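The sequence shown runs -6 to 906 under the numbering used here.
Note that beta-carbon positions come from the ideal geometry of N, C-alpha and C, so glycine has one too.
These numbers were taken from a predicted model, which means no experiment stands behind them.
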Amino acid sequence: MTDRRTRKRRTMFEREAELTTVDEALDQLTGPGPDADGALLAFSGPAGLGKTTLLAEVRRRAHARACTVLAARGGEQEQSQPFHVARQLIQPQLAGTTDEELRAALGSWYSIVGPALGLCAAEQGAPPDPQGLRDGLDWVLTHLIVQRAPVTLVLDDAHWADPESLSWLAAFAPRAEHLPLLLVVAYRPDELPAHAEAFRTLPGRAGHRPLALAPLTAEAVSTLVRESVGDHADDAFCREAWAVTTGNPFEAVELAVKVRDKGLAPVEASAPLLRDLAAAQRGSGLVARLHSLGPSTVRFAWACAVLGTDIPRELAARVAGLGTEEAVDATGRLRDARILSAAVEAAAEAAAAAAAGPGGRDEAGLEFVHPLIATAIYRAIPDALRVALHGKAAAAVLDAGLGPSAAARHLLETHPENDPWVVRTLREAAGENLRAGAPEAARRQLARALREPPDFDERAAVLYELGCASLLTEPANTVNHLRAALAEPFEDQTLRQDIVIRLAQVLSHSDRLAEASESLAREIPHAQDVRARLRLQSEQFMWDAFNAAETDSPARSRRLTKLADRLTGRDLTERYVIGLRAWDACLRGEPVDVVLHHAGRVLETGFSWAYADRGFEVPVLVAMVHMYADRPDRAEELFEAGTAEFERQGWRGAHLSFAYSLRAYIRYRRGRLVEAEELARAGLRLAERVGRRTPVHWYAIAILVTTLLARGRVDEAWELAREHEYGEPFPSAVVFPDSQTVYAELLLARGQAKAAAAELEAVGRRLTPRGIQNPSWCPWRLLLARAVSAEDPARARELAADAVRRARAFGAASGIGQALRVAAEVASPQDRPALLEEAVEVLSASPAGYELALALAVLGAERGDAELLRRAAVAARECGADGLAGTATAALLALGGALPCGSAADAGPLPAL
């Protein structure tokens, strides 16, 4: 928004305290040296108390101190237009740049934030998620602030800001104190909408209370009146002016102007006339005054009220049905009546702002003198006529080239009339907003399109698009929309397949995996095209693989094996099926060579993690099988590429959380525990944005708890689990590492062996019927062996031996070594040394650094071998396993050994075992 300064500096009454606070904040912002810092100021008060005038003075003082000023204003009619406020703040700063310059300035954020800010068209493909878009806006604004510091950002009428901009700014505002930024907002506290709840608490969260503006005193109103009409205004007249305006600055100023314009003598005898004059400034009095200006002027004012703020005169004329000369005349009459500000004056203000710094505009539109006037006129328009004017406005803005999104906000105010043009425009607007990262705006537009209603053969498509738009915000309603779409009679089989796949996706993400599989199973027999049927089968195989309560897993594995083994990988669907085959083979403990063979088939050509019409689950699974198969370098390489794709797409919510958490798990398996903890905490921070007890949250907590246990911080892991309610009921989706198994390991670390055993028995009952037998994937048998060893040593040895057999069948050295170590722990004394020696030998050839350190420590303690304990202490220290390092060091010192120093690589080869 162009930063408009007042045409004539108006004297401000009784705002000394507020202006002192502003000056202190500006002093702090523009002060010399490293102590300069930003701040947040919030001014609140009912309509007319001078918030806009105060903010104009803030802008003037900021300009005087050589600040860059970013200004925006919420609009009552623009609340449904996403990123309306964000565009006002940022767009002018980048205006006039070429596309090449814009790409260079925004870097990787270009395609993410550009469409939201109206700087470029949205690219085809999956849109950014809301969190990714907010992160991008954060980056752009922070970049501008740093480049053009010091910066003052002023937001007026924040209660009317669009929800997308408001939620972004509310989250960004606390950063003001750590940037060269003074952020100033003004709002009416009683008019904050439901979507502004985060903003309502913003000032307190940033360390300040909102400064509530008070009405003017009788003395201030008296001074104001005398400045306008002359010092001869008597006290009784001035007191009455204060009484009829209740000290409202806007009403007092307007009343004083009316007294002067009418030539009313400011004496006590005239005081009774003030009440009627004041009434003419608001409500029915204002409306009556407007009607006195003539029908064409009334129509023009109504058109302006419908269009909102920054109104092009030509556009208002078209909506009002006036010619150019009539519009000019109407503008002049409305200016003289102090209803509109003249375009020529607004243009002069824009020029002045442009001269002061970046942000000027080529053209300036009309504005109402005060939002109270705009609201009164808008509400005075007869209902039927107001609806009609919004319809005309929609057509006018579309014809003016302002795009479907600008037209859609008007169509939302119209009544359904079975108009195909309305449906088409709303669908186009929704598509724009969805690709720009505003799914809630798209949802509103598509819901309105559905009420129009669309033609009979178009209804299913609209319901499908509505389901896509509401996926993130209203998953339950999304299911209803998609099921309703399937119930419609339509011939488009491609659309039907897309609906079924989307329905399965939202059901799965809502922890309803069995329903997801059933919806796909019902559709598969009716798919006429072979490739379409295969696509549906691949989706069913995927969601079945994630269903922890799947009842017929072995049969599904046999069908998957039969299907995948005959596919060549000629297209993406076939490669998805083969990827699922690789994952299934890993879970079932088939040999590593088989698992890697199938994974290699998938990766023969590029395998993106960000296909617009696919989930990212299968690419993640293909990467993870490399980790379980002791190929962590390849797993990390795939995750690095996938994470980069997520970031380029602006997927910085659940997608990026999964990527960070699972990369942490890879680092954990490699024994790089410090890095694992850092990544796991980053994944948890992102998961918290998505919500607790969601799949991504389960992953993040499980991996962080596992890592903390390996680092020896059992109490911290327990507190983390309690804080995040990690425990029963466990998710119905498969999580790796398995959530219940991790919880049992935590109980075992706390010495609660019986409770841990009960959980692990439940894990066995859940996984064994499904054929999930690989201890490298879920070591529940090994943990159960430890849990029952004290009371049932024979069973413990049997469980451990079974795990060793299965680990050998899989063939990953890390899994075999872990199984051998635990088998030694529960074995009879005479069998322990051989098992531990083999564990150390196998793990020395594996990437599992933490497991090797554990095995060395146990073997060193078993033998009383100071050299092995020294190596264990060094290896544990390098891994970040502080608890194990301390234990190994204590055992070493007890044997009279020297404190370990250096690295494992410095220690030379292991002694003969």
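- Judged by their CB atoms, Pro203 and Ala35 are nearer to each other than the 7 Å cut-off.
- Within the same chain, and ignoring the five residues on either side of Asp376 in sequence, no residue has its Cβ closer than 8 Å to its Cβ.
- Here the alpha carbons of Leu405 and Arg441 stand approximately 6 Å from one another.
- Between Ala750 and Ala780, the gap from beta carbon to beta carbon is short of 7 Å.
- Annotated three-state conformation of Ala32 is strand, per DSSP.
- Shown here, Tyr719 sits in coil according to DSSP, grouped into three states, outside any helix or strand.
- Bridge pairing for Tyr180: Ser37 [DSSP].
- Per DSSP, the unbroken alpha helix (DSSP H) holding Leu378 starts and ends at Asp376 to Asp392.
- In summary, Pro25 is exposed, with fewer than 16 beta-carbon neighbours lying within 10 Å of its beta-carbon over all protein chains present.
- One Cα belongs to Arg856, the other to Gln733, and the distance between them is close to 35 Å.
- In this chain, the alpha helix (DSSP H) harbouring Leu19 covers Glu9 to Thr23.
- The segment 841 to 860 makes contact with the segment 878 to 897, as at least three CB pairs between them are under 8 Å.
- Boundaries for Thr4: no beta strand (DSSP E) harbours it, and the DSSP string shows neither H nor E there.
- DSSP places Thr61 inside the beta strand (DSSP E), whose first and last residues are Thr61 to Arg66.
- When the beta-carbon positions are compared, Ser512 and Gly764 stay at least 7 Å from each other.
- Beta-bridge pairing by DSSP links Thr368 to no other residue.
- Ranking Glu532, Arg52, Glu7 and Glu319 by CA distance to the CA of Leu286 puts Glu319 first.
- Boundaries for Thr407: no beta strand (DSSP E) harbours it, and the DSSP string shows neither H nor E there.
- A residue is called buried once 16 or more other Cβ atoms fall within 10 Å of its Cβ, and Ala88, having fewer, is exposed.
- The beta-bridge partner set that DSSP reports for Ala205 consists of Ser37.
- Each residue's CA atom was taken as its position, placing Arg790 and Val797 some 10 Å apart.
- Taking each of Leu365, Leu845 and Ala207 in turn and checking the Cα distance to Val280, the smallest one comes out for Leu365.
- Annotation: Leu266 is outside any alpha helix (DSSP H) and is labelled neither H nor E by DSSP.
- With respect to Lys44, Ala179 sits close: the two C-beta atoms are nearer than 7 Å.
- Distances from the CA of Glu721 to each of Trp691, His383, Gly705 and Gly643 were compared; the closest alpha carbon is that of Trp691.
- Thr145: member of the beta strand (DSSP E) spanning Val144 to Asp149, first to last residue.
- By the Cβ criterion, the segment 410 to 420 is not in contact with the segment 104 to 122, since fewer than three pairs of Cβ atoms, one from each stretch, lie closer than 8 Å.
- Per DSSP, reduced to three states, the secondary structure at Asn767 is coil, with no helix or strand assignment.
- Here DSSP, grouped into helix, strand and coil, assigns Ala79 to helix.
- Here the C-alpha atom of Ala693 lies approximately 44 Å from the C-alpha atom of Pro446.
- Sequence-distant Cβ neighbours of Cys771 in its own chain, meaning closer than 6 Å and more than five residues away, are Asp731 and Thr734.
- Taking the Cα positions, Val833 is about 9 Å away from Leu813.
- For Asn241, the three-state secondary structure derived from DSSP is coil.
- For Cys461, the enclosing alpha helix (DSSP H) covers residues Arg452 to Ala462.
- The beta carbons of Leu283 and Ile332 sit about 7 Å from each other, so the pair counts as a contact at 8 Å.
- Counting of Cβ neighbours within 10 angstroms places Val139 among the exposed residues, the total staying below 16.
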